[in-house]
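Residues 1 to 334, numbered by this note's numbering, are exactly what the sequence shown covers, in order. A short write-up of the structure that comes next.
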Amino acid sequence: MISLPAYDTNLFTRGISQADFSRLLNDPDKPLLNRAIAGQYAPGSTFKMVTATAGLQEGKITAETLLACPPYINVNGWIYHNWASYSLGRMNVARALATSCDTFFYQVASMVGDVTLARYARAYGFGTAKAIEMPGVTAGLVPDRIWKQLQCGVPDLNSDECRWSEGDTITFGIGQSYLLTTPLNQAVYVATLANGGHLLRPTLVHEVRDASGRVVQTQKAEVTSDVPASAGNIQSVREGMRQEINPPYHMNYWFRASGVPADGGGKTGTAQWGGSGLDLPTHAWFVFFAPYAQPEIALSVFVERGELSEVQAAPIGVDITKFYRDNLSSIRRQ
Numbered sequence: 001m002i003s004l005p006a007y008d009t010n011l012f013t014r015g016i017s018q019a020d021f022s023r024l025l026n027d028p029d030k031p032l033l034n035r036a037i038a039g040q041y042a043p044g045s046t047f048k049m050v051t052a053t054a055g056l057q058e059g060k061i062t063a064e065t066l067l068a069c070p071p072y073i074n075v076n077g078w079i080y081h082n083w084a085s086y087s088l089g090r091m092n093v094a095r096a097l098a099t100s101c102d103t104f105f106y107q108v109a110s111m112v113g114d115v116t117l118a119r120y121a122r123a124y125g126f127g128t129a130k131a132i133e134m135p136g137v138t139a140g141l142v143p144d145r146i147w148k149q150l151q152c153g154v155p156d157l158n159s160d161e162c163r164w165s166e167g168d169t170i171t172f173g174i175g176q177s178y179l180l181t182t183p184l185n186q187a188v189y190v191a192t193l194a195n196g197g198h199l200l201r202p203t204l205v206h207e208v209r210d211a212s213g214r215v216v217q218t219q220k221a222e223v224t225s226d227v228p229a230s231a232g233n234i235q236s237v238r239e240g241m242r243q244e245i246n247p248p249y250h251m252n253y254w255f256r257a258s259g260v261p262a263d264g265g266g267k268t269g270t271a272q273w274g275g276s277g278l279d280l281p282t283h284a285w286f287v288f289f290a291p292y293a294q295p296e297i298a299l300s301v302f303v304e305r306g307e308l309s310e311v312q313a314a315p316i317g318v319d320i321t322k323f324y325r326d327n328l329s330s331i332r333r334q
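Structure representation (structure tokens):
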């Protein structure tokens, strides 16, 4: 786990000066913020696996259901765009994940509804502060209509701005709306997909040894809950992640360029932030697990204001995978 930009920890071991602390505290890049556990950001398209799971498990779609992927949809007079300005045709859920079709998932989110979508988000660990061996972990946010009303003053409760809208629901389905997560939560989420739906408690500790090197405590994997979805439905979601990193999709380039087999499942995400009407650089995500059949690693990469996830975040994830494959796989935890 790493968070950048960082700072020289020796400053604190020696007793940090007021000048040095003020410099760190007022640095606009916020090096004191551990982004891995405390940074809260919209997950963008990496959330689409939740929407896919909900749609499949609730019977709104099947693995074979074909939905259109138009350049936009009209919801009560409001236009919601896909990333592509042209139609991508009709597709099933696996291809929709591989192509990251926004308009496909707008439709699925609308079928499922915000309450059910929030339930599946929480089942995957969104909105929960993960208990690890360090302080400062934040939960992110899984929004719902009650939460939205609570953001308004009492006189405004019935105003349009305070009501949960269909637009809130469909953008929730592509990892936007008011949804927030952390890189740690994202890693737990993709690990849950990798292992078939078992939510594990994350830990930084493998084992504890005494001064003589004797193991006095071991840390075993702990399942905290299971996603309420069938193995077949989770496998359909994993298949979409497998397709995204394989030909003909462009994500495969980074695997070929690095000499790393595309044996796993991945999803990029480009997350807007800062509110409507603001032209701010988007955040870049990449979540990944490997190998596909018997996963050993799951990772989450986040580049703040990285803009293009497939250019900024994905190559980092591939490099981490290559390092693991070349150096660590032989001593992996059993």
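Virtual Cβ for every residue (Gly too), placed ideally from N, Cα, C. None of these values were measured; they are calculated from a predicted model.
Suppose you measure from the CA of residue i to the CA of residue j; what does that come to, to the nearest Å?
i, j, result
"Trp273", "Tyr86", "24 Å"
"Tyr124", "Ala139", "13 Å"
"Leu200", "Ala194", "11 Å"
"Ala284", "Lys48", "15 Å"
"Thr171", "Phe286", "19 Å"
"Ser22", "Glu304", "23 Å"
"Glu307", "Ala211", "47 Å"
"Tyr7", "Asp20", "11 Å"
"Ala290", "Phe323", "13 Å"
"Thr192", "Trp83", "27 Å"
"Leu117", "Thr51", "7 Å"
"Leu328", "Val215", "21 Å"
"His81", "Ala68", "13 Å"
"Leu179", "Arg119", "13 Å"
"Ile234", "Ser159", "39 Å"
"Thr182", "Ser165", "25 Å"
"Ala98", "Tyr249", "7 Å"
"Ile174", "Ser17", "45 Å"
"Pro202", "Trp78", "41 Å"
"Tyr72", "Val137", "37 Å"
"Leu25", "Gly39", "16 Å"
"Tyr41", "Gln176", "9 Å"
"Thr321", "Arg256", "13 Å"
"Gly325", "Pro295", "Note that residue 325 corresponds to Arg in the displayed sequence, not to Gly. The straight-line gap from Cα to Cα measures roughly 12 Å."
"Val311", "Asp279", "20 Å"
"Ile316", "Gln107", "32 Å"
"Trp147", "Met1", "31 Å"
"Val115", "Leu88", "29 Å"
"Thr53", "Phe105", "11 Å"
"Cys162", "Arg145", "8 Å"
"Ser309", "Met251", "10 Å"
"Cys101", "Pro43", "15 Å"
"Pro247", "Glu58", "30 Å"
Kindly give me the distance between the Cβ atoms of residue i and residue j, rounded to whole angstroms, as I take these residues to be in contact under 8 Å.
i, j, result
"Thr169", "Ala229", "Between Ala229 and Thr169 the Cβ distance is about 20 Å, and since that is not below 8 Å, they are no contact."
"Leu204", "Ile132", "6 Å"
"Arg35", "Phe288", "18 Å between Cβ atoms; not a contact."
"Met134", "Lys60", "40 Å between Cβ atoms; not a contact."
"Gln186", "Ser300", "4 Å"
"Lys130", "Val208", "Going by Cβ atoms, the distance from Lys130 to Val208 rounds to 20 Å, so no, they are not a contact pair."
"Val190", "Ala262", "Incorrect: roughly 16 Å between the Cβ atoms, too far for contact."
"Ala63", "Ser236", "4 Å"
Please confirm whether residue i and residue j have their CB atoms less than 8 Å apart.
i, j, result
"Ala271", "Thr282", "yes"
"Leu141", "Ile37", "no"
"Pro70", "Thr103", "yes"
"Thr218", "Ser45", "no"
"Ala231", "Gly196", "yes"
"Val223", "Val318", "no"
"Val75", "Gly15", "no"
"Trp254", "Ala313", "no"
"Ala121", "Gly113", "no"
"Pro5", "Pro31", "yes"
"Arg238", "Gly213", "no"
"Arg90", "Leu56", "no"
"Asp226", "His206", "no"
Margin query: Closer than 8 Å is the cut-off here; do at least three beta carbon pairs connect the region 9 to 17 with the region 143 to 151?
Written below: no
Item checked: Length-filtered (4 minimum) alpha helix (DSSP H) runs lying within the region 155 to 179 -> 166 to 172
Note to self: Would you call the region 233 to 247 in contact with the region 86 to 98, where contact means no fewer than 3 C-beta pairs closer than 8 Å?
What the structure shows: yes
Note to self: As an exercise, report each continuous alpha helix (DSSP H) stretch of at least 4 residues that is fully enclosed by the region 175 to 263, in chain order.
What the structure shows: 183 to 194, 231 to 244 and 252 to 258
Notebook entry, point to check: Which ranges would you report for the beta strand (DSSP E) in the region 44 to 127 if only whole runs of at least 3 residues count?
Noted result: 72 to 75 and 78 to 81
Next item on the list: Note down, one range per segment and in chain order, each alpha helix (DSSP H) of at least 4 residues found wholly within the region 282 to 323.
Entry: 309 to 323
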